[in-house]
Structures are given as structure tokens and as C-alpha cells.
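Student: Under the numbering used here, the residues of the sequence shown are numbered 724 to 1127, in order.
We put the beta carbon where it would ideally sit given N, CA and C, even for glycine.
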Amino acid sequence: MSRAVEFCRFLASLKREKRLYEVIFFATSVCNARCRTCFYWKELNRPGDLSLDEMETLTRTMPSFHHLILSGGEPTLRRDLPEIVRLFSVNNNIRFLNFPTNGLKPIIVRDFTNQMLAENPQLTISLNFSIDGLAETHDRIRGVPGNFHRAEQAIEMVQPLRRKWGKRLWVGINTTICRENYHEVIPLANYFLERKVLDGHYFQIIRGDPLDPELKRLPGSDLGQLYDHIVRIQETYAARAFHDDDPRARWLKRAIYVGTLNFHHRVQFANYTRGAPWPMPCTAGQTSIVIDYNGDVRACELRGALGNLRDYDLDFRAFWQSVIRAREVERIEQDRCFCTHVCFIHDSMRFSLRAQLLEIPRSYARRHAWQKSRPAWPLAGRQRPLRSDRASVSAPASSISPSE
Ligand code: SF4
Ligand code: SF4
């Protein structure tokens, strides 16, 4: 096959039909941490989690989709989590599971991860520990003494699984950048980089309406400089992740990986410091959906509930075909709202030729140009107000895996 034909096929593969691709599922509202960065704090530890039977009905009425992101609450506190993932696997043929955890239950994290990989042969898992600083800082932000030590223990305990499952398991860290840890982000990243216990480290700016609003007041240091260090760390992870790939593919995979992560940072930085919109339309509500622990359903984590799936008898199809969802999609197009939420930036990017053909290559080419970026200080987070009256929420941040 000529290179021109190959290239045309590659371009055609980038154009995807807009259908459900990613579901963010809040497995439970129960949490054993008290993170001051948490946007979901008002909803935590309430009754009303969907039961396994309800999940069975729900998943049977959902189409196949690729990507399941667990959220909460702390997903490992849901004792039937492997059964839930099995339902999504059997009924919706999911291929990729993003499994975030605070790491407070190391044995459960290890055992659930192993069980889910064993029971679902088509599944790749990205297991992501939320770690926001070195021991003292992390425990102070998360409100749990000894949390850093437990999370580190959990990371150690899953190392044999990395060897056992190879590229079906990617272990990473999500770090939320806030006022109390921005100075420690790079020492934290270097600490884990040297230990070679991870496949990736991801960084998000604090967002939404956190328990401690003071943490959003990032001081007037240069966030661009921080990203400049971060991109070098992510280049090291990319080099490790693809070192045994075909030499011809290796460079391209590294470039896509680093370019994509740097694209996330550029979009977030521009949004946060200048209130700049995304360079592509948001596809929330069309290619992604959020299902809360109690069956509430939302186009994204920052917009209000469109209803409760229990009112549809857990028939997802009925909700998906409803006028309510169609109107929300129209409203998102009209509002042209934007935010720093990486799950939705990443998912919308998948459906944008501009992002894939222009912005990601450009982000790769400019990956070391951060020093020239000058934010408008002080940073307090600029997000276009939404029509929604619901507080913006977030549980553990998302990430991409080198396998995506
Ligand atoms: S951020 Fe996650 S771990 Fe922390 S309190 Fe919120 S739900 Fe719990
Ligand atoms: S708030 Fe963000 S994720 Fe939600 S619809 Fe707007 S741009 Fe998309």
C-alpha cells in the first residue's frame, strides 16, 4: 500500500461519528477522605447509590461505548465494584476503564484491579492515584493523616500487577494543582519519576467550587514555568512507555502522547488565565455523559442535572432519545461555555479534526515554549458562568493513558 493511501486512511480514521464514547459514572457517594480540593463535597456520604440490580437494567439499555471513567466518592468503597465493571464490560463492551482512587485501601485497590483485569479480557485499566503533594502537604490537603503513606503502599502493592498484566494496566498519579501545593508539584513528580513505579503523572488546575475556596487562589508565580517542567516529566514517561515499540512508530507515539497532554495544559492555561475558549466545540451530552451515584444524569460535571434515570425506570435509551437531552446539546452549542475539565477537553478533542491535525501537532512543536507564556495574575480561575444553578463538581481528575 502506498504511503499516500495509508495517509488518506489515517485521515479518514480521525473523523469519528458523534455517538456515545465516554461515560463518567459516580460509583458511590461514600468517601473516606475530606479533601479540601473536592468539588463534590456537598454530595458526599449521602444515601441513594444505585443498586447492582438497577445497574443491570441501566447497562442493558445503554449502547456499546469505549471508555468508562469511575468517580465518586471513593470507588473502592463500593464492595461490588468488580461486578459493576463486569456489567459495563458484558453489556456495553467497554474497552478502557479509568479507575481513580485515593489509595486509602491498598489491598482492595490491588485485588479489585487484578479481578477486573482477569474477568474482562478486552479491558485496559488506567489506575490513577490522587496524590497532591509530598507526605505532609498531601495529608493536609486531603484531610487524612497518613494518606500519603497509604497511597504509596498501594502503589507498591500494584507493582506485581504491572509486571503481570503488561500494557493492559497503566498506573499513574493525578495531581490537582492548588495554592498549597504548586511549589511542591515538581519535587513530587521527581520523587515518583525516580522510583519508576508509574506509567504516567497527570496535572490539573483546581476547579469548580472546592471545600476550601482559598485553595483556588494560586499565587502570582509563573504557571507557565510549572508547565515547562511538567512537559519534561511527561516526555520521560513517554520515552519509558514506548521504549520497546517499533522504532518507526516510537517517535510518533511519543509525539502524540506529549502533544496531547501539552494540548490539555495549553487549553486549561488559556482558559484559566485569559478566559479563552477551547479551539473546538464541546461534545458533552453527545459523546459523553455523567451519571451520578443516585441516577442523576448530566451532560457534564459542570452543568445541572437533566433528570434522574430512576424516573426513566433506568432505561437509558429513553433518556438518550429524550427532548431534554437534545435541548441540552443545543444549549451547550448556544452557550459556548468552556472550562478546564480535562475529561471533556480530551473527549471533545477526539471528535475535532482541527484539534487532531493542527492543535496537537502544534502543542508538541511548542512544548518547550512555556517560558514565553505570561498569565494574567492573580490567578483565581476564570470560567464562563453557566446557566446551570448546580455547583460544579469533580471527584478525582482524569488522565489519558499511553494506550489510548
Ligand atoms: S476528591 Fe475524591 S477522595 Fe477527596 S473527598 Fe472528594 S470524592 Fe473523596
Ligand atoms: S462546562 Fe465545560 S464540559 Fe461542560 S458543556 Fe461547557 S465546555 Fe463542556
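So for R1059, helix, strand or coil by DSSP?
Tutor: The answer is coil: DSSP assigns R1059 none of H, G, I, E or B.
Student: Does the distance from the CB of A1007 to the CB of A1028 come in under 8 Å?
Tutor: In this structure, A1028 does not lie closer than 8 Å to A1007 by Cβ.
Student: Alpha carbon to alpha carbon, how far is R971 from T824?
Tutor: Roughly 35 Å between the two C-alpha positions.
Student: If you reduce the DSSP assignment to three classes, tell me which class Y925 lands in.
Tutor: If DSSP states are grouped into helix, strand and coil, Y925 belongs with the strands.
Student: Any heavy atom of ligand 1 within a distance shorter than 7 Å of the CB on W764?
Tutor: Yes, the beta carbon of W764 sits closer than 7 Å to at least one heavy atom of ligand 1.
Student: Run through the segment 802-851 for me and flag every whole beta strand (DSSP E) of 3 or more residues, listed as ranges in chain order.
Tutor: Listed in chain order, the complete beta strand (DSSP E) runs (minimum 3 residues) inside the segment 802-851 are 819-824.
Student: I need the DSSP call for F748, collapsed to helix, strand or coil.
Tutor: In the structure shown, F748 sits in a strand (DSSP, three-state: E or B).
Student: Which value, in whole angstroms, describes the spacing of the CA atoms of M778 and A877?
Tutor: Each residue's alpha carbon lies about 28 Å from the other.
Student: Decide yes or no for the touch test of the segment 1065-1082 against the segment 993-1010: beta carbon pairs closer than 8 Å, at least 3 of them.
Tutor: The answer is yes - the segment 993-1010 touches the segment 1065-1082, with three or more Cβ pairs under 8 Å.
Student: Roughly how many whole angstroms lie between the Cα atoms of V881 and V894?
Tutor: Their Cα atoms are separated by approximately 8 Å.
Student: For W893, name the three-state secondary structure that DSSP assigns.
Tutor: Strand.
Student: With DSSP as the reference, label A964 as helix, strand or coil.
Tutor: Of the three classes helix, strand and coil, the one that applies to A964 here is helix, per DSSP.
Student: What do you reckon, is the C-beta of L1029 under 7 Å from a heavy atom of ligand 2?
Tutor: The answer is no for L1029.
Student: Closest to V808 by C-alpha separation, out of T784, A964 and T836, would be which residue?
Tutor: Out of T784, A964 and T836, T836 has the C-alpha closest to the C-alpha of V808.
Student: So does A756 have its beta carbon nearer than 7 Å to some heavy atom of ligand 1?
Tutor: True, at least one ligand heavy atom lies under 7 Å from that Cβ.
Student: Assign V1013 to one of three DSSP states: helix, strand, or coil.
Tutor: V1013: strand per DSSP, three-state reduction.
Student: What does a CB cutoff of less than 7 Å around P805 pick up in its chain, not counting 5 residues either side in sequence?
Tutor: Within the same chain, P805 has close Cβ partners F835, Q838, M839 and E842.
Student: Over the uninterrupted alpha helix (DSSP H) stretch that includes V908, give me the two end residues.
Tutor: Run containing V908: V908 to R918, per the alpha helix (DSSP H) assignment.
Student: Look at the alpha carbon of C688 and the alpha carbon of R973, and state the distance between them as a whole number of angstroms.
Tutor: In the structure as shown, the chain begins at 724 and stops at 1127. Residue 688 is therefore absent and cannot be evaluated.
Student: Measuring from the CB of I1055, is there a heavy atom of ligand 2 at a distance below 7 Å?
Tutor: I1055: yes, Cβ under 7 Å from ligand 2.
Student: Return yes when the C-beta of S853 is under 7 Å from any heavy atom of ligand 1, and no when it is not.
Tutor: Correct: S853 has its Cβ closer than 7 Å to ligand 1.
Student: What does a CB cutoff of less than 7 Å around R1050 pick up in its chain, not counting 5 residues either side in sequence?
Tutor: Hits under 7 Å: none found.
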